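The opening position of the sequence shown corresponds to residue 2 in this note's numbering, with each subsequent residue numbered one higher.
The structure appears below as structure tokens.
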Amino acid sequence: MAVNLQIPRLFQKSLSPKPYQINHLLLKYLCTTPDFPLTTHDTSNSPESPDLPTWLSNSQNQKPSDPDDGDFVIPSLASWVENPNLETHRNVPSPLLFEPQVSNADKLSEILKKRYSSEAAVVKALNESGIDATNELVSQILMRFDSHCVVAFGVFIWAKNQTSYVHTPELYDYMIDILGKFKKFSLMWNLVEQMKGLNGYVSLATASKVMRRLAKARKYKDAIDVFRGIEKYGASKDREALNVLMDALVKEGDVEDAHSAFLEFKDCITLDSSSFNILIHGYCKARMFVVARKIMEEMEKHGFHPDVVSYSCFIAAYCEQKDFRNVEAVFDEMQEKGCKPNVITYTTVMHALGKARQLNEALEVYEKMKRNGCLPDSKFYSSLIYVLSQSGRIKDAWDVFEDMEKQGVCRNLWVYNTMISSACAHSQGGSALKLLERMEGDSCKPDVKTYAPLLKMCCRRKSIKLLKFLLSHMFKNNVSVDLGTYTLLVNEFCRNGKLEHACFYFQEAVLKGMVPMVKTFKALVEELEQKNMKEMKEKIEKLMFQARERNLT
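And the structure:
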């Protein structure tokens, strides 16, 4: 369905002394809905966040900065918070949204919330449950605990040991990814060896996860060696696998090794335009534009014309530098070469202009987009909502959000996440929580980014009960609390004077096998020292030492 955005002659007035009037007119054409009603929300207990440990609650030097939790009650959503009906979604097609094995998943989850020192202890506890493993059950449990390596691997071993059960290749790949995330490379390779003995289990997806995790751990040479020996694992050494390797290296900032791999294998593997574009992206990302241009020249020598992806790499890099003069120069070059920008290109530029507080110029991007016959998609709308919110135009952002489906574009996870973040940034916590409820009705599964601004809001308002509810809501939606989430909680509680809660979440992260960020650790220790909370400071230092030592083994 074509988007009905009629803006005749609007941007001829772009030099008008009343830019906000221009922007208002544009949004009037973009949207046809009234203001989104501001609603508010409440709190609940969470099995994911137990009481504070004794060493926190009984510390002589520890006193909460604010004895009041500061929980805010929002009557219109109170019943939803107190009784979140997470198990009665409307015909959700995904098997991971609580349809099969709900009761068994919850039973196992309760068992797994206890602390276990080893995978063997996890296996023993699960064996005593009397529950039989199924692929759906194991998948759901791994999703809930994929940020707790010992528990996740224990679950995997427990299921594998059952006589009537066989892991799918996808579950092996998932476990390999979890082990790689925690840098348990010895265990990861053992699992790959097991897969080799299972006909057809090792695939490009497996090799991709291994290469990406090695690259993320800065084991660049190891990642390249995986590709060199990929055939012995049963996967093909082909163009697709080479592109995956190069992309993994480029994403972790190692374009030089990606280029070396390209040169090593280009004579024995047939390349495609993506092979060159990955390198162009890497060199643009590294601000090595001259080398990127040379890759474009080599691309043409191989019979591939630089395409919209090639030019968009330059545009994205110039946007990062706020070098909009060169952005326009690349647009001009594309026009000369007959290469039309796509919606991703326009979205990138609009987003960058919005971040640079150039709202009029950001909105003018749509006019250029319309002239080229390019229609907005959900990511374009997500970026538009962000730009408007950043400029203080939260009412217009709501209007765009509400009007999307009338324009034939569905609200997806990107859009919901952006609108929730925008609402929280403008102190519209109730409306943000209402969106979380709406996602359930729209069968749109939240991810960790959905919850981040809501959790940050709770920390700033010191609303502990609501925060516990949200953590529980994450868990029920199979969204694992990862290191980024723990970092957010520790940092925000530090900033807002809730040091006992900051310490609790720091401890929980370490006990799950994570290594907190050095910056987060130092900030927490400094705050504890300033407040003369010596016992807690010593505990945090011991926890950090424990985390670092474990990471070396």
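By construction, the Cβ of each residue, glycine as well, lies at the ideal position given by its N, Cα and C atoms.
Note that this is a predicted model, so its numbers are computed, not measured.
Nearest in C-alpha terms to T164, of all of T451, M518, N128 and C320, is N128. Shown here, M405 sits in coil according to DSSP, grouped into three states, outside any helix or strand. Contact annotation, F146 with S481: C-beta distance approximately 6 Å; criterion of less than 8 Å satisfied. Within the segment 90-170, the runs of alpha helix (DSSP H) that reach at least 4 residues and sit entirely inside it are, in chain order, 103-113, 120-128, 136-146 and 150-161. Around the beta-carbon of L199, fewer than 16 other beta-carbon atoms lie within 10 Å, marking it exposed.
Two segments are said to touch when three or more pairs of C-beta atoms, one from each, lie closer than 8 Å; by this definition the segment 481-493 touches the segment 508-521. Note that the C-beta distance between I281 and I270 is not below 8 Å. Take the alpha-carbon of S140 and the one of H306: they are about 43 Å apart. Residue state for Q322 is assigned as coil, using DSSP reduced to three classes. Ranked by how close their Cα comes to the Cα of R219, the residues G181, K238 and M300 have G181 in first place. Here DSSP, grouped into helix, strand and coil, assigns V480 to coil. Boundaries of the alpha helix (DSSP H) harbouring M247: R240 to K252, taken from the DSSP string. Note that the segment 234-248 touches the segment 201-220; at least 3 beta-carbon pairs, one per stretch, sit closer than 8 Å.
For the options T488, Q429, Q322 and A503, the alpha carbon positioned closest to that of I465 is the one of A503. In the three-state reduction of the DSSP assignment, M196 falls in the helix class, which pools H, G and I. Short of 6 Å from the beta carbon of V245, and not among the five residues preceding or following it, lie these beta carbons of its own chain, in chain order: S209. Distance from the Cα of C459 is smallest, within the candidate group Q429, V328 and E441, for Q429. Relative to the Cα of Y312, the nearest Cα in the group A293, D226 and L143 belongs to A293. Inclusion of M518 and L529 in the CB contact set at 8 Å is not warranted, their separation being larger than that value. One Cα belongs to E542, the other to F494, and the distance between them is close to 18 Å. Its chain contains G155, I158, W159 and N162 as the residues whose beta carbon lies nearer than 8 Å to that of V124, once the 5 sequence neighbours on both sides are disregarded; these appear in chain order. Contact between the segment 335-354 and the segment 367-386 is present: 3 or more CB-CB pairs across the two stretches fall below 8 Å.
Secondary structure at N191: helix, using DSSP grouped into helix, strand and coil.
By the C-beta density criterion, A121 is exposed, having fewer than 16 other C-beta atoms within 10 angstroms.
Under the three-state reduction of DSSP output, N413 falls in the coil class, being neither helix nor strand.
For L376, the three-state secondary structure derived from DSSP is coil.
Cα atoms of E241 and Y175: separation of roughly 20 Å, rounded to the nearest angstrom.
Per DSSP, reduced to three states, the secondary structure at Y202 is coil, with no helix or strand assignment. The residue from R549, F263 and C320 with its alpha-carbon nearest to that of M300 is F263. C-alpha of F522 to C-alpha of A249: approximately 29 Å in a straight line. The beta-carbon distance between T348 and K380, rounded to whole angstroms, is 6 Å. This is short enough to meet the 8 Å contact definition.
Put simply, the backbone Cα of R326 is about 27 Å away from that of S274. In the DSSP annotation of this structure, the continuous segment of the alpha helix (DSSP H) that includes S261 starts and ends at V256 to F266. Taking the C-beta atoms as reference points, Y117 is found nearer than 8 Å to V151.
Selection M475, R358, G339 and M545 evaluated against K446 yields M475 as nearest (Cα-Cα).
Exposed is the label assigned to D333, since fewer than 16 other Cβ atoms lie within 10 Å of its Cβ.
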